[in-house]
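Engineer: Here it is, the structure in full.
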Amino acid sequence: MFSCSALLSQEGGFGNWIMYFGQNRIHDRWSVHTEIQYRNHDLLPNIEQLLVRTGLYYHLDGNTTLLAGYAYVPSYRLEDSFTDPVTTEHRIFQELQLNNKVGKIAFNHRYRIEERWVSQKTLVRFRYRLLAVIPLSNKTKDAPFLAFYDEVFLAPGARVFDRNRAYGALGYKFSSTASAQLGILNQQLPDRHKWYLQIGLFYNPDLR
């Protein structure tokens, strides 16, 4: 039974990510980003990776933002305990986000560069994500919506393609500052892929 579960997690199967995202406005031009992702090998809790990320946004205008920050990312084998990561990553990143609308559909283009220190290795990675949010109601709160994105990860070196993530979700907007999403993500690596159930909470209060 354990061997089957381990094999399923290594070669495919279904995991889950439980996530929190916050963007807290502290000034007309500045916001603080907070993010925690608890990533599991399986649908039941079995830690695969923890991601803690923070950063500082600079708002150039209503549709263009810059973000720079830091992430701490310990990763675990299926059979390891939560206190024994197999690798520990420290990461700094810089990104540009561009927003636009086509009809009622809101698009977000995110361009990110990551400088990564994974155990004894120094790595660089480039990411591009296209996100589309489709409202299912004209209301500004108590309103359902759909969210879809695709994100490609590229790294310099012999193997340029690092991974691709494709995501679809049903979301609910509780207010102008709070929403939640329940979705499915497929992560495609060069030699395998895996599905994840995702639960995301978003809270963006204005602290000015």
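When the letters of the sequence shown are read in order and numbered with the numbering used here, they come out as residues 7 to 214.
Cβ coordinates follow ideal geometry from the N, Cα and C atoms, glycine included.
1) I need the boundaries of the beta strand (DSSP E) containing Y134, first residue and last residue.
2) Is it true that the segment 104-113 meets the segment 122-135, where meeting means three or more beta-carbon pairs spaced less than 8 Å apart?
3) Taking E95 as the reference, which of Y78, L84, E101, R198 has the closest Cα?
4) Out of D168, Y82, T70, point me to the one whose CA is closest to F132's CA.
5) Among V139, Y155, E157, which has the Cα closest to the Cα of A149?
6) CB-CB under 6 Å to W201, same chain, minus the five flanking residues each way: which ones, in chain order?
7) In whole angstroms, what separates the C-alpha of A112 from that of G28?
8) Are M25 and I42 closer than 9 Å when you measure CB to CB?
9) Report the option in D197, D156, Q55 whose CA atom is closest to the CA atom of Y117.
10) Would you tell me roughly how many angstroms separate the C-alpha atoms of L49 and R59, rounded to the nearest one?
11) Would Y178 and F154 qualify as a contact pair, given that the criterion is a beta-carbon distance under 9 Å?
12) Report yes if the C-beta distance between A74 and L62 is below 9 Å; otherwise report no.
13) Can N144 and A184 be called in contact, C-beta distance under 9 Å?
14) What residue does the beta strand (DSSP E) around V166 start on, and which one ends it?
15) Can you round the beta-carbon distance between R214 and H33 to whole angstroms, since I take them to be within the 8 Å contact cut?
Structural biologist: A quick look at the data gives this:
1) Sequence index remark: in the sequence shown, residue 134 carries index 128 (1-based). Run containing Y134: 127-141, per the beta strand (DSSP E) assignment.
2) no
3) On the sequence shown, position 89 is the one that residue 95 refers to. Nearest option by C-alpha distance: Y78.
4) For the purposes of this step, residue 132 is taken as the residue at position 126 of the sequence shown. The shortest C-alpha separation from F132 is found at D168.
5) Here the question's residue 149 lines up with position 143 in the sequence shown. Nearest of V139, Y155, E157 to A149, Cα basis: V139.
6) Within the sequence shown, numbered from 1, the residue matching residue 201 stands at position 195. Same-chain partners within the cutoff: F20, N192.
7) The residue you call residue 112 lines up with position 106 of the sequence shown. The residue you call residue 28 lines up with position 22 of the sequence shown. Computed Cα separation, rounded: 19 Å.
8) Taking the first residue of the sequence shown as 1, we reach residue 25 at position 19. Taking the first residue of the sequence shown as 1, we reach residue 42 at position 36. Their beta carbons are under 9 Å apart, which means M25 touches I42 by this criterion.
9) For the purposes of this step, residue 117 is taken as the residue at position 111 of the sequence shown. Per the Cα distances, D156.
10) Along the sequence shown, one-based indexing puts residue 49 at 43. Along the sequence shown, one-based indexing puts residue 59 at 53. Between L49 and R59, the C-alpha separation is close to 23 Å.
11) Taking the first residue of the sequence shown as position 1, residue 178 is located at position 172. Taking the first residue of the sequence shown as position 1, residue 154 is located at position 148. Taking 9 Å as the Cβ cut-off, Y178 and F154 do not qualify as a contacting pair.
12) Reading the sequence shown from its first residue, position 68 is the one you call residue 74. Reading the sequence shown from its first residue, position 56 is the one you call residue 62. Taking 9 Å as the Cβ cut-off, A74 and L62 qualify as a contacting pair.
13) Numbered from 1 along the sequence shown, position 138 holds the residue referred to as residue 144. Numbered from 1 along the sequence shown, position 178 holds the residue referred to as residue 184. Not closer than 9 Å, so no.
14) Within the sequence shown, residue 166 is the residue found at index 160, counting from 1. From DSSP, V166 is part of no beta strand (DSSP E); its letter is neither H nor E.
15) Walking along the sequence shown from the start, residue 214 turns up at place 208. Walking along the sequence shown from the start, residue 33 turns up at place 27. Yes, R214 and H33 are in contact; Cβ-Cβ is about 6 Å, under 8 Å.
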